[in-house]
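Below is one structure; the comments refer to it alone.
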Amino acid sequence: MQARKIKEGIYWVGAVDWDRRMFDDLVPLPDGTSYNAFLIQGSEKTALIDTVDNAMSHVLLERLNQLGTKHIDYIITNHAEQDHSGTLPQIIERYPEARVVCTPKCKEMLIDMSLMPQDSFQIVEDGATLSLGDRTLEFIHASWVHWPETMLTYLREDEILFPCDLFGSHLATTDLYVTDEGRAYEAAKRYYAEIMMPFRKNIQKHLKKIEGYKISIIAPSHGPMYNRPEFILDSYQDWVFNEPKNIVVLPYISMHGTTREMVNYLVDALTERGVTVEQFNLAVTDIGKLAMSLVDAATIVIGSPTVLTGAHPKVVYATYLANALRPKVKFVSIIGSYGWGGKMVQQLADLIPALKVEIFDPVVVKGYPADKDFEALDKLAAIIADKHKEHGLV
Ligand code: FEO
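Right, here's the structure in full:
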């Protein structure tokens, strides 16, 4: 377990978790993840930036051993979440002289989470600096990416930004830097969709704040580092600021084939009108893929049968998730079917209060769709295509 040298006096001392498949019992991790931590040796002081998940604390401790680390002055804690703060107690036990450097909110949260005693902290305000001798750390408060206490750390002389979760990706790899931008784009977009997208407005402010910094390397707390920072900065610019694209996301469930028939018809009708459709059968889909599609979609059409008087539970879950992720979607509609009655449409509409959208008339049929129902689907497709054109999304 060798530390990895980034440059003289700067080392990656994190842990790669190849086997983890779920985060928070919510987010699928098809490619594992990593918890990145960095040791910065200045001419006078030494700082550790972040720690690792408690399950892999031995890896961080061994890498520090291997570097012969006898003394740590500062543990820069950018973020209180346990996957980065989980090894703080062991680090403090081994290096009792170290001060935990963090935002005031982060201190409060670490104490609440019982990770740290009161007297271990050195609070830093936004824009504060800390000298390591020939190296200087600058702290940039960045609340709500994705917790309220987060900060980014900038290593001035080396032009390295340590943004913790921001710009991260759940990607286990032996590569220190991104080597395959296609793969990295997928992983970073998935991460953005699942973790960061609900905080898009806050991220807009933070991106503007770091515009003035000269950055040669971005070293997030998950996934490989970026030695071509514009790759991830440009991607975030698109995801966070740009208008959505000419895309309909269509998550659905069909119990007896009726809703699927309607989905197939609508997909064809939209395709004929030049709209891209990303269709997700919620019985088999990876929820992370659905989240990724929501990053760019202008419209969501939810498809559901009626079961126990309401929408199918898997559709309820996907709709709840779409609302929580707050994508920049502009339009929503609902299609589906029922046998004898129910409140499926109202139930789904009530689940999306956070989406500031125009809702198009739903198409919900009794039994198997008749000609008039297919006409209604044609009409819905035409409305969607026209609205996308009207908003300049085509
Ligand atoms: Fe990677 Fe928000 O923790």
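Numbering (numbering that gives the first Met the number 0), first residue to last: 0 to 393.
Just so you know, even glycine gets a beta-carbon here, dropped at the ideal spot from N, CA and C.
Beta-carbon separation (whole angstroms), residue i vs residue j, contact threshold 8 Å
i      : j      : result
Leu416 : Ile217 : There is no way to answer for residue 416, as the model of the chain reaches only from 0 to 393.
Ala369 : Ala268 : Not really, about 16 Å apart at Cβ, beyond 8 Å.
Ser33  : Asp16  : 6 Å
Ile334 : Leu392 : In fact, because the Cβ distance is near 21 Å, the residues do not count as touching under 8 Å.
Ile202 : Val144 : 6 Å
Ala296 : Val248 : 4 Å
Trp11  : Arg3   : 4 Å
Leu59  : Ala36  : 6 Å
Ile252 : Val328 : At roughly 20 Å, the Cβ-Cβ gap does not stay under 8 Å, so Ile252 and Val328 are not in contact.
Ile231 : Ala187 : 6 Å
I'd like to know if the segment 285 to 295 and the segment 352 to 362 are in contact, where contact means that at least 3 CB-CB pairs between them fall below 8 Å.
No, the segment 285 to 295 does not touch the segment 352 to 362.
With a cut-off of 5 Å, give the chain-ordered residues whose Cβ is closer than this to any heavy atom of the ligand FEO.
For the ligand FEO, the selected residues are Glu80, Asp82, Asp164.
If we count Cβ pairs, one from each stretch, closer than 8 Å, do we get three or more for the segment 262 to 281 versus the segment 208 to 224?
Short answer: they don't touch.
Measuring CB atoms only, is the segment 124 to 142 touching the segment 176 to 195, in the sense that at least three cross pairs come out at less than 8 Å?
The segment 124 to 142 makes no contact with the segment 176 to 195; the number of CB pairs closer than 8 Å stays below 3.
With three or more C-beta pairs closer than 8 Å as the rule, is the segment 39 to 52 touching the segment 72 to 85?
Yes, the segment 72 to 85 touches the segment 39 to 52.
Is there contact between the segment 231 to 251 and the segment 346 to 357, where contact requires at least three CB pairs shorter than 8 Å?
Touching, no, given that fewer than three Cβ pairs across the two stretches are closer than 8 Å.
Please confirm if the segment 102 to 112 is in contact with the segment 141 to 150, defined as three or more CB-CB distances below 8 Å between the two stretches.
Yes, the segment 102 to 112 is in contact with the segment 141 to 150.
Can at least three beta-carbon pairs, one atom from the segment 200 to 216 and one from the segment 52 to 72, be found at a separation below 8 Å?
The way I'd put it, the segment 200 to 216 doesn't touch the segment 52 to 72; fewer than three beta-carbon pairs between them come closer than 8 Å.
Meets three-Cβ-pair contact criterion under 8 Å: the segment 160 to 174 and the segment 111 to 121
The segment 160 to 174 vs the segment 111 to 121: no contact.
Is the segment 290 to 300 touching the segment 322 to 329, taking contact as three or more C-beta pairs under 8 Å?
Counting Cβ pairs under 8 Å, three or more are found: they touch.
Pairing CB atoms from the segment 301 to 315 with CB atoms from the segment 167 to 179, are three or more of them under 8 Å?
With the cut-off at 8 Å, the segment 301 to 315 and the segment 167 to 179 do not touch.
Restricting to runs no shorter than 3 residues, where is the beta strand (DSSP E) found entirely within the segment 322 to 349?
Counting whole runs of 3 or more residues, the segment 322 to 349 contains the beta strand (DSSP E) stretches 330 to 337.
Mind listing, in chain order, the continuous beta strand (DSSP E) runs of no fewer than 3 residues lying wholly within the segment 263 to 289?
Every beta strand (DSSP E) stretch that sits fully inside the segment 263 to 289 and reaches 3 residues is listed by chain position as 275 to 280.
List in chain order: all unbroken alpha helix (DSSP H) runs of 4+ residues lying wholly within the segment 118 to 164.
Segments of the alpha helix (DSSP H) lying fully in the segment 118 to 164: there are none.
Give, in chain order, every unbroken run of the alpha helix (DSSP H) that is at least 4 residues long and sits entirely within the segment 38 to 78.
If we require 4 residues or more, the alpha helix (DSSP H) runs fully inside the segment 38 to 78 come out as 56 to 65.
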